[in-house]
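Be aware that the sequence shown starts at 41, since it is given in our numbering, and climbs by one per residue.
Below: one structure, written as C-alpha cells.
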Amino acid sequence: MEMQTIIMIAILLIFAGAVVGILAGLFGVGGGAVSVPVLYETFGFMGLEEGVAMPLAVGTSLAIIIPTSLRSAWGHYQRGAVDTKLLRIWVLPIILGVLAGTSVASFADPWVFQLVFVAVASVIAIKLFVGGKGWRVGEELPSDWLLRIYGLIVGALSALMGIGGGAISNLILTLHGKAIHQAIATSAGVGVLISIPGTIGYIIAGWGKSGLPVDALGYVSLLGFVLLVPTSFLTARTGVYLAHAMSRRALEIAFGLFLLAVAARFLFALST
C-alpha cells in the first residue's frame with residue numbers, strides 16, 4: 041500500500057473519530073453507527089476478507105466506545121440527567137447479554153451483523169419521526185424484572201452491532217415515558233456497561249484467528265483504536281452541550297435522520 045494511501049486512511053479515521061465523539065455526546069450513543077462502517081470499509085480496502093473485516097470493525101468499535109462513552113456519560117451526569125438507579129439494575133443483565141452476543145459473533149456470517157443493524161435502526165428512526173404518545177407503552181418504567189430482560193436484549197444486540205447500546209436503550213426508555221434528554225443521558229451510561237465486556241469478548245473471540253492484521257488484538261485493531269480515540273474523546277463534550285441546547289423535537293428528528301442514514305448504508309452493503 042502506497043504511503044499516500046496510508047496517510048489518507050489515517051486522516052479519514054481521525055476525522056471519523058471527531059464525528060464519533062460528537063454523536064456520543066449528542067445522542068448518547070457510542071458512535072459505533074459511524075465507526076463500524078468506516079472501519080469496515082477501511083479494513084476491506086486493506087485487503088482483509090469480509091469474514092474478518094466485519095467482526096474486526098465491530099470489536100474495534102466497541103473498544104473505541106470505552107473512553108468515548110465514559111466522557112459522554114460523565115458530561116451528562118454533571119448536568120444531573122443520568123438515571124443511575126436504572127444503570128445499577130442493568131449492570132448484570134447487560135454484561136450477560138454482551139457475552140451472549142460476542143459468542144454468536146464468533147461464528148455468525150457478516151450479513152447477520154448488518155441485517156440486525158438495519159432492522160433496529162429503522163424501527164427506532166420511524167418511532168422518532170412519528171413521535172407522540174401513541175408509541176408509548178407506559179408513562180413510567182416497568183418492573184425491575186422486565187428491565188433486566190430489556191438489559192439482556194440491549195447487551196446482546198449491541199455486541200452484535202458494535203454499538204454502545206444507546207440507540208436501543210433510548211428506544212426502550214422513550215417507549216416507557218422517559219424524556220428524550222434523560223433517555224439520551226442514561227443511554228450514554230449504557231455505553232460504558234456494554235463496551236468494556238464487549239471489547240474483552242471480541243478480543244477472546246478473535247484470538248488466534250487467521251487473516252487478522254499484525255496490529256490486531258483478537259478482533260480489535262490497535263491502530264484503528266489509536267487513530268479514532270483522541271479526537272472522539274475531545275469532541276464528546278461538544279455533543280453533550282449541543283444535546284442540552286436543542287429542543288426535544290429537534291433532537292428526535294436529528295437522531296432519526298442519523299439512524300436512517302446509517303441503516304441505508306448497511307442496506308446498500310447487503311444488496312451488493
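The C-beta atom is built at its ideal place from N, Cα and C for all residues, glycine as well.
All of these numbers come straight from a predicted model, not from anything done at the bench.
Please classify residue i as buried or exposed, where buried requires at least 16 neighbouring CB atoms within 10 angstroms.
i	result
LYS218	buried
ILE189	exposed
ARG288	exposed
LEU213	buried
SER209	buried
SER311	exposed
ALA256	buried
PHE295	buried
Please state if the CB of residue j and the CB of residue i are separated by a distance shorter than 8 angstroms.
i	j	result
GLY229	ILE134	no
ALA73	VAL232	no
GLY251	VAL92	yes
SER272	ALA58	yes
HIS221	ALA64	no
ALA56	LEU268	yes
VAL260	ILE243	yes
GLY99	GLY258	yes
LEU274	ALA283	no
VAL158	PHE306	yes
GLY191	TRP151	no
VAL280	GLY87	no
Rounded to whole angstroms, what is the Cα-Cα separation between residue i and residue j?
i	j	result
PHE83	LEU96	8 angstroms
THR226	ALA207	11 angstroms
GLY205	SER198	5 angstroms
TYR117	GLN44	42 angstroms
ARG119	ALA276	14 angstroms
ALA113	THR278	13 angstroms
LEU186	ALA161	22 angstroms
ILE193	MET201	12 angstroms
VAL177	HIS216	6 angstroms
VAL138	ALA285	33 angstroms
THR124	GLY71	21 angstroms
LEU263	PHE169	37 angstroms
PRO253	PRO182	45 angstroms
MET94	ALA245	13 angstroms
TYR224	ILE293	Tyr is not the amino acid found at residue 224; the sequence shown has Ile there. When rounded, the distance between both Cα atoms is 14 angstroms.
LEU297	VAL163	12 angstroms
LEU126	GLU180	12 angstroms
LEU317	VAL144	Here the chain has residues from 41 to 312 only, and residue 317 is not among them.
PRO77	VAL60	12 angstroms
GLU81	ARG111	27 angstroms
PHE147	MET48	32 angstroms
Relative to the C-alpha of residue i, which residue among the options is closest?
i	options	result
ARG128	LYS167, ASP184 and VAL254	ASP184
LEU299	SER198, LEU187 and ILE166	ILE166
PRO270	ILE46, LEU53 and ILE47	LEU53
LEU79	LEU102, GLY115 and LEU274	LEU102
PHE85	GLY61, ILE46, SER75 and VAL60	ILE46
GLU90	PHE308, ASP149, VAL156 and ALA304	ASP149
Assess contact between the segment 239-250 and the segment 93-109, defined as three or more Cβ pairs (one per stretch) separated by less than 8 angstroms. Is contact present?
Because the criterion of three Cβ pairs below 8 angstroms is met, the segment 239-250 and the segment 93-109 touch.
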